[in-house]
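These notes concern the structure reproduced below.
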Amino acid sequence: MTDKHIQSNTKQFSQENIFIETDDKASKSQNVKNFVQDDFFDKGNWGLKFRQLGINFVFAIVLVLPVLILFNSLKNGKLWQSLYHWQYQDGFDLTKFLQASILIAIVVVLVCSLAFLVRNNYREQKIYPNQITYDDDKLQARKAVMDKLYTSRYGDKNFRESTKYYAVNEEQNIDDHLISDLFKESGVEIK
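Numbers 1 to 191, taken from this note's numbering, label the letters of the sequence shown in order.
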C-alpha cells in the first residue's frame, strides 16, 4: 500500500466517524425534544399564552406593589407620587421597625457569610492539603466492588474503555440502592 492509499483510507474513516457522531448527536437531540414538551412554547396556543402571561403579571404586581409602597413610605416625602404613602403614626412606627429588622438581618447574614467564607478558605488552603480526608484501604475496596459490578454488567474493562457507543439494556440499569447495598455487604459502607 502506498502512503496516498493509507491517507485516503484514513480520511474516509475519519469522515465516516464524524458522520456517525453527528447522527448520534442528532438522535440525542431528537430524544430530548420528544421528552420535553410544553404547550406554551409550541406554535399557536394563544389563549394559553395570554392566560399564563396575565396570571404572571398580576402576581408580579401583587408581590412588588407592597414593597414599593413600603419604600415610598420609609421617607417623610414621597418617592413616587402615584403610589400610596402612609401618613399615620402607626405606619411610620411599622416602617421604622421594619427598617431596623431588615438592617439587623442584613448585618447578621453578612457577618455569617463572611465568617463561613473565611473558615472555608482557611480549611481549603491550610487543612485539607495536609490532611487525608478518606481511608485509602476502603477506597481501594470500593473501587474493586465497583469494578466487579461493572464487569458483570457491562463486560471487561478493555471492552468498556474501547467502546464509543453502548446502549444499556433495561435489566442492566443500576437500582437506586444497589451500590450502597454492595458496599455494606463488602464491609466498606459509606456513612
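The beta-carbon is built from N, C-alpha and C at its ideal position, and this holds for glycine as well.
Any beta carbon from chain B within less than 8 Å of residue i's own beta carbon?
i, result
"H85", "The structure shown contains no chain B, having only a single protein chain."
Over what stretch of residues does the alpha helix (DSSP H) that includes residue i continue unbroken?
i, result
"V58", "46-74"
"R160", "157-162"
Can you look up residue i in the DSSP assignment and give me helix, strand or coil?
i, result
"T95", "helix"
"Q132", "First, the amino acid is wrong: residue 132 is Ile here, not Gln. I132 falls in the coil class under three-state DSSP."
"S186", "helix"
"Q87", "coil"
"L79", "coil"
"V168", "coil"
"I127", "helix"
"D137", "helix"
"K143", "helix"
"D39", "helix"
Excluding the five sequence neighbours on either side, which residues of its own chain have a C-beta within less than 8 Å of the C-beta of residue i, listed in chain order?
i, result
"L79", "F71, N72"
"L48", "D39, F40"
In chain order, what residues of the same chain have a beta carbon less than 7 Å from the beta carbon of residue i, not counting five sequence neighbours either side?
i, result
"S186", "A141, V145"
"L149", "L182"
"Q99", "L74"
"T10", "The predicted position of T10 is uncertain, since its pLDDT is 39 and thus under 50; a value taken from the coordinates is nonetheless stated next. So no residue of the chain qualifies."
"E21", "Below a pLDDT of 50, predicted positions are generally treated as unreliable, and E21, at 43, falls in that range; the measurement from the model is reported next regardless. Within the same chain, E21 has no close Cβ partners at all."
Which residues in the same chain as residue i place their Cβ atom closer than 6 Å to its Cβ, once the five residues preceding and following it in sequence are excluded?
i, result
"S152", "none"
"I132", "none"
Rounded to the nearest angstrom, how far is the Cβ of residue i from that of residue j, given a contact under 8 Å?
i, j, result
"K260", "V188", "The structure shown has nothing for residue 260, since the chain only spans 1 to 191."
"I69", "L83", "6 Å"
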